[in-house]
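J.:
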Amino acid sequence: MGIDLHAHTTASDGSFTPRQLVTEAKKRGLAAIGITDHDTLGGHAEAIEAGLELGVEIVPGIELSVKNEAGEKFHLLGYYVAADSALARELSQLQRERDARNAVIVEKLAALGAPISMARVLEIARGGVVGRPHLAQALVEAGHIASVQEAFDRYLADGAAATASKEVMTPARAVALIHAAGGVAIWAHPTRPPSQRAGAVNFAVLESQLRNWIEIGLDGLEIYYSQYSPAEALWTAQMAQKYGLLGSGGSDFHGRSKPDIQVGVVHTGNAVPDEVLAALKGKRGA
Ligand code: AMP
Ligand code: ZN
Ligand code: FE
Ligand code: FE
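776 is the number of the first residue of the sequence shown in our numbering; add one for each residue after it.
1. Compute the minimum distance between the beta carbon of F927 and the heavy atoms of ligand 1, and state whether it is under 7 Å.
2. According to the neighbour-count rule (16 or more other Cβ atoms, all chains shown, within 10 Å of its Cβ), is T811 buried or exposed?
3. When we look at the beta-carbon of T792 and count the other beta-carbons within 10 Å, is it buried (16 or more) or exposed?
4. With three or more C-beta pairs closer than 8 Å as the rule, is the segment 875 to 889 touching the segment 937 to 952?
5. Less than 8 Å between the beta carbons of A913 and R901, yes or no?
6. In the structure shown, what three-state DSSP assignment does T1039 receive?
7. Just to confirm the assignment, what range does the alpha helix (DSSP H) spanning H909 have?
8. Looking at the strands, I want to know which residues DSSP matches up with L851.
9. Could you tell me the alpha carbon to alpha carbon distance between A935 and M776, rounded to whole angstroms?
10. Can you name the residues that DSSP bridges to F791?
11. Run through DSSP, which three-state label would V976 get?
12. Determine the DSSP secondary structure at G1057, reduced to helix, strand or coil.
13. Would the beta-carbon of H919 fall within 8 Å of that of A889?
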């Protein structure tokens, strides 16, 4: 049947509600769908309810943003993390820091002659975790800029005119928190680090980063991904094999903001094979 272990909902920056996402997974004939919103477990309850009704297995997950001592940023997926955990408590703290950062960005935008209203940003985010993509959308709506990408390039990208940094976890702390919550830690799209354009990666550098991840207890990496080129798919699969890691993956569906990405479709043109989920479950609470 096939599965998809990486998708976003309105709990973060996706445009589908958790129920709509599960409905879409059902329509596409998937056996299971992973809910991996950025820095929140908020989409799980609704997805699980819909999954029970529709007969789609829900794999509760999260996508954490982390940064190492060298300032390099990564996305880390955690699956089957307990809601009652130190990780969940840390997320509440991150949420407060994120809110403060967003307020600073909005102030900077006003000072730069591109005012947006925080009330409108919150509406755009529909109750989910508010991120730069929502601020970008508000900038477009307000007519300050023509496209979301332009909003990033001019104002919101790391180092651009209106950015403000927020505290993020280190990879070691994030992996430890995922494990302490009984979860499985997967390096998301290793060849596509956040806020770096595709094609700029060096496989030798990535492999040395992978060794660091393994040292801190990483369980696996994404070997299936909607955006992978054949070279990226080959490299990630080879690394999983070489280091005895789990090979996970999914579409990274977001809905409207990434219209080329479909639920249940990775670089192969198909869904992720079912056996990936069985292997993932084998690592739970390990
Ligand atoms: P935030 O978590 O609020 O810092 O926002 C991070 C999100 O913004 C990422 O997941 C990307 O979707 C998006 N993003 C970050 N940098 C860029 C960029 N340079 N161009 C386009 N999108 C970006
Ligand atoms: Zn996202
Ligand atoms: Fe990501
Ligand atoms: Fe993602």
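Glycine included, C-beta positions come from ideal geometry on N, C-alpha and C.
T.: In this structure, then:
1. In the sequence shown, counting from the first residue as 1, residue 927 sits at position 152. Because some heavy atom of ligand 1 lies under 7 Å away, the Cβ of F927 counts as near it: yes.
2. Translated into positions along the sequence shown, residue 811 becomes position 36. Buried.
3. The residue given as residue 792 occupies position 17 in the sequence shown. Around the beta carbon of T792, 16 or more other beta carbons sit within 10 angstroms, so the residue counts as buried.
4. Three or more beta-carbon pairs drawn from the segment 937 to 952 and the segment 875 to 889 are found closer than 8 Å, and the two stretches are therefore classed as touching.
5. By 1-based counting over the sequence shown, the position of residue 913 is 138. By 1-based counting over the sequence shown, the position of residue 901 is 126. Going by C-beta atoms, A913 is not nearer than 8 Å to R901.
6. Within the sequence shown, the letter at position 264 stands for residue 1039. It should be noted that the sequence gives Gly, not Thr, for residue 1039. Three-state DSSP puts G1039 in coil, outside helix and strand.
7. For the purposes of this step, residue 909 is taken as residue 134 along the sequence shown, with counting starting at 1. Its alpha helix (DSSP H) spans residues R907 to E916.
8. The residue you call residue 851 lines up with position 76 of the sequence shown. DSSP, once it has assigned bridges, lists L839 and W962 as partnering L851.
9. Translated into positions along the sequence shown, residue 935 becomes position 160. Translated into positions along the sequence shown, residue 776 becomes position 1. Distance between the alpha carbons of A935 and M776: 44 Å.
10. Walking along the sequence shown from the start, residue 791 turns up at place 16. Listed as beta-bridge partners of F791 by DSSP are no residues whatsoever.
11. For the purposes of this step, residue 976 is identified with residue 201 of the sequence shown, where counting begins at 1. Coil.
12. Indexing the sequence shown from 1 puts residue 1057 at position 282. Helix, per DSSP.
13. Taking the first residue of the sequence shown as 1, we reach residue 919 at position 144. Taking the first residue of the sequence shown as 1, we reach residue 889 at position 114. Against a cut-off of 8 Å, the Cβ pair of A889 and H919 comes out as a contact.
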